[in-house]
RNA sequence: GGGCCCGUAGCUUAGUCAGGCAGAGCGACGGACUCUUAAUCCGUAGGCCGGGGGUUCAAAUCCCUUCGGGCCCGCCA
């Protein structure tokens, strides 16, 4: 095909001009929208993004979380609840009508004898957790045993959901209609499960698991019939027994049906869940179809979250025993810091949790943020402000003393609380709220015991440490002179101590003169490096060459102790 | 076999949906405050945005592919 030359030229011109035009339009667009966009570029917190999205669907929301209390509820589980709470708070902040609920799956069967259980629990495997005896004997049942400390921890985290217990919901009959529907539409449900999960559903499968009247287990029964009017289900159990149970508390829907049924019964509109449920063919996928097609309700907006990894040991999991329970953690770190850990990370990212030194940095970072927020520091961006707001555990009064500083105070005081209070006061902190100080002190001492890395630890030696033998004559002379001056002075502040030490290198200062005299040389001949002086101080008190910031470290001690210790060190003979 | 999430400075990460100069915090380094090693303030360095290819005037961002990490598809958040 041959086009005339002029046709080709005009085509070319048209194409070029269109191209140039698009370039022009784009740059024009950028000058207008680009600048506008810059002002809008502030990062929005993930919880607000979620709230914004769900608000477009409806203005009324039920945020649900649910955990099976089959073992110690750990920080990994906590992510679910804090995530839900963040979304919930954000919804409230945006003026939505919202409620936060927590569903404890107390009617799930005990899967196996976990490592922390005695062998005798073998006979309870297969029974609902609410019907298994409590391991310690003090709680109403097995589920309660793990639930109680968890709910207490939630309280401390400032999370106060309405609590539902699955066993009570079943026993009160809330599930009856859902059970009837599931039994009647058994084939449809089975079809969905096969289509979505790709698994074959066995011939005698039922969405409902009756609890055997004889052995009390719900994992070994088969449904043999049911009566919708009488609201009963017939079954046979592999224990040999056969019988009839009520739909009111006589059994439980299988998990993949229970979950969507619950969405419908309670009207759940947002729910975070672990990524295990999220993959295609997983329980969220089947649940979505079941709730839409069987229960005629919309599935909740999902918030899929990643696992929390413990140090280098891998994912936190009750079954592998890699677990730090929330209550354990709350003994070590203030609740708001735990919230902060979760709030600052997007749900789909793993969290590396290490209770050792990294925890110290985490606390530090949080405290820095808190201070900036309280002082209305202009360098604090909206995004960080939002993180702080969402990390706050309302109704909790926390000490203003930095965790790191308490690490030192606590060790100087050798854990004695009266002593700690004195030092706190001397360091210029408020001591009015003794409770909050005590709480922090307890956190810190637990942390030192369990997780602190060696470099953070020191111990004030009972007697002059052997290492003093390594000190030079100059260092010893300095300690002796320092003791004299401290003894003659009144109460000294951290700053005073600091300046005092530095005065050693100034010709004409009292300390400088005393050192020279003690060494029997002229002050002009005295050469002092402050580094050596600090080293002498740490050696005399701790037996090591370094320690916490010297000024306020010294001011933490009783004067008498310092005078005596430095004198002894000054005349120490190995 | 099929699917999901993550990979950006030494570390923790924002930015990815909607393509438009890759930003912070910590740490490190340098300096200041008569002020040390873990206070404060100021400053500096540090990046083939995991790799490769493609689309585009323009890619961390979209598409394909590949590697690494973590998971799921059995009723374990």
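Numbering (the numbering used here), first residue to last: 2 to 575.
For glycine and all other residues, C-beta sits at the position ideal for the given N, C-alpha and C.
Assuming residue i and residue j form a contact by the criterion Cβ under 8 Å, report the distance between their Cβ atoms to the nearest whole angstrom.
i: residue 182; j: residue 295; result: 6 Å
i: residue 444; j: residue 335; result: 7 Å
i: residue 478; j: residue 512; result: The pair is not a contact, with the Cβ atoms about 10 Å apart (cut-off 8 Å).
i: residue 606; j: residue 534; result: Only positions 2 to 575 of the chain appear in this structure, which leaves residue 606 out of reach.
i: residue 354; j: residue 309; result: 5 Å
i: residue 246; j: residue 158; result: That pair is no contact at about 39 Å.
i: residue 457; j: residue 361; result: 7 Å
i: residue 193; j: residue 291; result: 6 Å
i: residue 280; j: residue 256; result: Not quite, the Cβ-Cβ distance comes to about 15 Å (not below 8 Å), so this is no contact.
Which partner residues does residue i have in the DSSP bridge list?
i: residue 436; result: Residue 436 pairs with nothing; no bridge assigned.
i: residue 101; result: 64
i: residue 253; result: 210
i: residue 1; result: In the structure as shown, the chain begins at 2 and stops at 575. Residue 1 is therefore absent and cannot be evaluated.
i: residue 354; result: 311
i: residue 1; result: Outside the modelled stretch of the chain, which goes from 2 to 575, sits residue 1, for which no answer is possible.
i: residue 227; result: 234
i: residue 302; result: 271
i: residue 75; result: 326
i: residue 163; result: 102
i: residue 243; result: 237
i: residue 110; result: 129
Just how far apart, CA to CA, sit residue i and residue j?
i: residue 226; j: residue 70; result: 31 Å
i: residue 85; j: residue 267; result: 16 Å
i: residue 616; j: residue 102; result: Look at the range of the chain in this structure, 2 to 575, and you will see that residue 616 is not part of it.
i: residue 391; j: residue 298; result: 31 Å
i: residue 88; j: residue 202; result: 36 Å
i: residue 357; j: residue 338; result: 14 Å
i: residue 91; j: residue 373; result: 22 Å
i: residue 154; j: residue 470; result: 50 Å
i: residue 301; j: residue 351; result: 23 Å
i: residue 326; j: residue 229; result: 44 Å
i: residue 108; j: residue 174; result: 13 Å
i: residue 110; j: residue 210; result: 10 Å
i: residue 303; j: residue 241; result: 42 Å
i: residue 198; j: residue 258; result: 13 Å
i: residue 136; j: residue 206; result: 33 Å
i: residue 465; j: residue 440; result: 32 Å
i: residue 556; j: residue 529; result: 23 Å
i: residue 438; j: residue 409; result: 14 Å
i: residue 553; j: residue 424; result: 10 Å
i: residue 573; j: residue 476; result: 12 Å
i: residue 223; j: residue 236; result: 5 Å
i: residue 123; j: residue 114; result: 6 Å
i: residue 503; j: residue 46; result: 48 Å
i: residue 178; j: residue 393; result: 41 Å
i: residue 244; j: residue 195; result: 29 Å
i: residue 37; j: residue 44; result: Reliability fails at residue 37, whose pLDDT of 34 lies under 50, so the model's placement of it is uncertain and no value is given.
Which word fits residue i, buried or exposed, when buried means at least 16 other C-beta atoms lie within 10 angstroms of its C-beta?
i: residue 96; result: exposed
i: residue 540; result: buried
i: residue 282; result: exposed
i: residue 509; result: exposed
i: residue 117; result: exposed
i: residue 238; result: buried
i: residue 252; result: buried
i: residue 368; result: buried
i: residue 493; result: buried
i: residue 120; result: exposed
i: residue 567; result: buried
i: residue 58; result: exposed
i: residue 132; result: buried
i: residue 288; result: buried
i: residue 538; result: buried
i: residue 562; result: exposed
i: residue 442; result: buried
i: residue 500; result: exposed
i: residue 415; result: exposed
i: residue 53; result: exposed
i: residue 215; result: exposed
Exercise for review: Decide if the stretch 257-273 is in contact with the stretch 62-81; the criterion is three or more beta carbon pairs, one per stretch, under 8 Å apart.
Suggested key: Contact between the stretch 257-273 and the stretch 62-81 is present: 3 or more CB-CB pairs across the two stretches fall below 8 Å.
Review point. Should the stretch 429-446 be called in touch with the stretch 397-416, which here means at least 3 C-beta pairs below 8 Å?
Key: Under the 8 Å Cβ criterion, the stretch 429-446 counts as touching the stretch 397-416, having at least three qualifying pairs.
Review point. Does the stretch 159-171 touch the stretch 193-209, meaning 3 or more C-beta pairs lie closer than 8 Å?
Key: They do not touch, by the three-pair rule.
Check your understanding: Should the stretch 436-452 be regarded as contacting the stretch 341-350, the criterion being three or more beta carbon pairs within less than 8 Å?
Key -> For the pair of segments examined, the stretch 436-452 was found not to touch the stretch 341-350: the number of CB pairs separated by less than 8 Å stays below three.
Review point. Counting Cβ pairs closer than 8 Å, one from the stretch 473-488 and one from the stretch 543-553, do we hit at least three?
Key: Flag = no, the stretch 473-488 and the stretch 543-553 do not touch.
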